[in-house]
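Numbering (this note's numbering), first residue to last: 834 to 1300. What follows is one structure encoded as structure tokens, with my remarks underneath.
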Ligand SMILES: [Zn+2]
């Protein structure tokens, strides 16, 4: 026998999310090091492999799923949770978020990502796409330690529209050079769990030169681009005025050949029918963030995008836009919001819109396509990486279960997620995050957040009669 590590998980209901959408009532899976080497009926798996195995785990009554994928999360904003609730968009951005981000240190980003990562793991996430934040090097240290898989992206802007004057803004060329260095230093590190992507924060803070260079550099480095796209009507209006196109950001990006299959377009709320066609034809991936959209952006035409074969996945966005970094909550919201959007002429909504199996695809295999990692993750299949979660459904929130797929979308809570494996290693077991001391991180986060807000001069007004 060589030094391989074998783990067998068996006697579980196993949702594979493979091409045939197989669900084993009583399934088993064999993991050798970081890969899945067998999958099938529990009895067959145990008979064939148990003599090889170092670790045979009976998961009676539990579920196994592929690890969930959060395709839009601002890890460096975790320390800003609660700093901009119930305020208008301009206050949110100019008086809270920009001062917060422009005062962050690398250490803040490290602590923020650790705190965010703990919440991601508890919600069953094994892989996430950073939306573009501060200090990728701090994020990378945290991701390596936590054991997660991630596509990390720096927040990139080369135009100071609305930004604090104290924030030194790089030129387009400097932005590209900086990201190339990040790529060289961090891409494919942490046993291949970290990839470095290029970022465009949003079109209103980008020159054309930055857009062109980003497009070409992504091709050269064979990596992805993460960008906030068509978030608010004002963005589209500004693009129409300044860049002379008939409709908004997506139309402009189509015109300059920026729309490609390696673009992850976050939100994409304000897109028309033609633009949905452009997204579909070019293979652009969309990250739908239901909670953040409801808070300040609007209803995205998700059903229309899915009907047009656009690959739509799910994201939480950042803590100041959502507060909850739980992809489990986003699954529930995505289904409800998009049913609620389909209003019939008699005023009732469409309960058949975005059914549970569609939502599960968005959180798994579509997520894997969005982060350009679909050959390795997103479903439980032989040869793929062992990224999976174990769910204990025997709680007041889920019992009784008559339809396991609908239960996973409409009843599941983060609290039902029992264990999480990434790259063949347990990163949470029996609800204990394995690689960091949660209590210590929480205490460090409280301190770092307080100091950062003070440094940034951000004051949160009291509510009600706080005495
Ligand atoms: Zn975002």
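A virtual CB, placed ideally from N, CA and C, is assigned to each residue, including glycine. Keep in mind it's a predicted model, so treat the numbers as computed, not measured.
Per-residue DSSP class, three states only, for residue i
i, result
"residue 834", "In this prediction, residue 834 scores a pLDDT of 47, lower than 50, which makes its location untrustworthy; the coordinate-derived value is nonetheless stated afterwards. Residue state, collapsed to three classes: coil."
"residue 856", "strand"
"residue 942", "helix"
"residue 1047", "helix"
"residue 1091", "coil"
"residue 1259", "strand"
"residue 1264", "coil"
"residue 1292", "coil"
"residue 1122", "coil"
"residue 895", "coil"
"residue 1244", "coil"
"residue 937", "coil"
"residue 1235", "coil"
"residue 865", "strand"
"residue 1128", "helix"
"residue 1022", "strand"
"residue 888", "strand"
"residue 1079", "coil"
"residue 1276", "helix"
"residue 1113", "helix"
"residue 851", "coil"
"residue 1217", "coil"
"residue 1253", "strand"
"residue 1182", "strand"
"residue 1281", "helix"
For residue i, the first and last residue of its enclosing beta strand (DSSP E)
i, result
"residue 1034", "1031-1035"
"residue 1060", "1058-1062"
"residue 839", "839-848"
"residue 903", "901-906"
"residue 872", "868-874"
"residue 1145", "1144-1147"
"residue 1300", "Note, residue 1300: premise wrong, no beta strand (DSSP E); not H, not E."
"residue 1167", "No beta strand (DSSP E) holds residue 1167; the alpha helix (DSSP H) holding it covers 1160-1174."
"residue 1221", "1221-1224"
"residue 1096", "1096-1100"
"residue 983", "982-985"
Cβ-heavy atom distance, residue i to ligand 1, below 6 Å
i, result
"residue 1063", "no"
"residue 917", "no"
"residue 1124", "no"
"residue 1133", "no"
"residue 962", "no"
"residue 1150", "yes"
Rounded distance between the beta-carbons of residue j and residue i, thought under 8 Å
i, j, result
"residue 1098", "residue 1060", "6 Å"
"residue 956", "residue 1159", "4 Å"
"residue 953", "residue 981", "7 Å"
"residue 1019", "residue 1009", "Wrong, their Cβ atoms sit about 16 Å apart, outside the cutoff."
"residue 1142", "residue 1103", "Incorrect: roughly 20 Å between the Cβ atoms, too far for contact."
"residue 1144", "residue 1202", "5 Å"
"residue 1125", "residue 1155", "5 Å"
"residue 1051", "residue 1057", "7 Å"
"residue 1190", "residue 854", "7 Å"
"residue 1171", "residue 1136", "6 Å"
"residue 893", "residue 844", "5 Å"
"residue 841", "residue 883", "6 Å"
"residue 1026", "residue 983", "7 Å"
Range of the contiguous alpha helix (DSSP H) that encloses residue i
i, result
"residue 961", "Looking at the DSSP string, residue 961 is not in any alpha helix (DSSP H); the run it does join, the beta strand (DSSP E), is 958-963."
"residue 1012", "1005-1019"
"residue 1075", "1066-1076"
"residue 1198", "1198-1203"
"residue 979", "969-979"
"residue 926", "Residue 926 -> no alpha helix (DSSP H), and no H or E assigned at all."
"residue 1155", "1152-1155"
"residue 1136", "1135-1140"
Chain B contact for residue i (CB, 7 Å cutoff)
i, result
"residue 1189", "Within the model displayed, chain B is absent; a lone protein chain is all it includes."
Residue i beta carbon near ligand 2 (any heavy atom closer than 6 Å)
i, result
"residue 1021", "Of the ligands this structure carries, namely ligand 1, none is ligand 2."
Sufficient close CB pairs (3 or more, under 8 Å) joining the region 1249-1259 to the region 942-962
Segments in contact, yes.
Pairs of beta-carbons, one from the region 943-951 and one from the region 963-981, closer than 8 Å: are there three or more?
yes
Is there contact here, the region 925-939 with the region 1235-1248, by at least three beta-carbon pairs under 8 Å?
no
Below 8 Å, can you find three or more Cβ-Cβ pairs linking the region 1212-1225 to the region 1159-1170?
At 8 Å Cβ cutoff, the stretches do not touch.
Are the region 986-997 and the region 1035-1055 touching, with three or more C-beta to C-beta distances below 8 Å?
yes
Okay, do the region 857-876 and the region 1203-1214 touch, 3+ Cβ pairs below 8 Å being the bar?
With the cut-off at 8 Å, the region 857-876 and the region 1203-1214 touch.
Do the region 894-910 and the region 865-873 touch if we need at least three Cβ pairs shorter than 8 Å?
no
Does the region 1274-1293 come close enough to the region 927-936 to have 3 or more Cβ pairs within less than 8 Å?
yes
Taking contact to mean at least 3 C-beta pairs separated by less than 8 Å, is the region 1144-1153 in contact with the region 1114-1134?
yes
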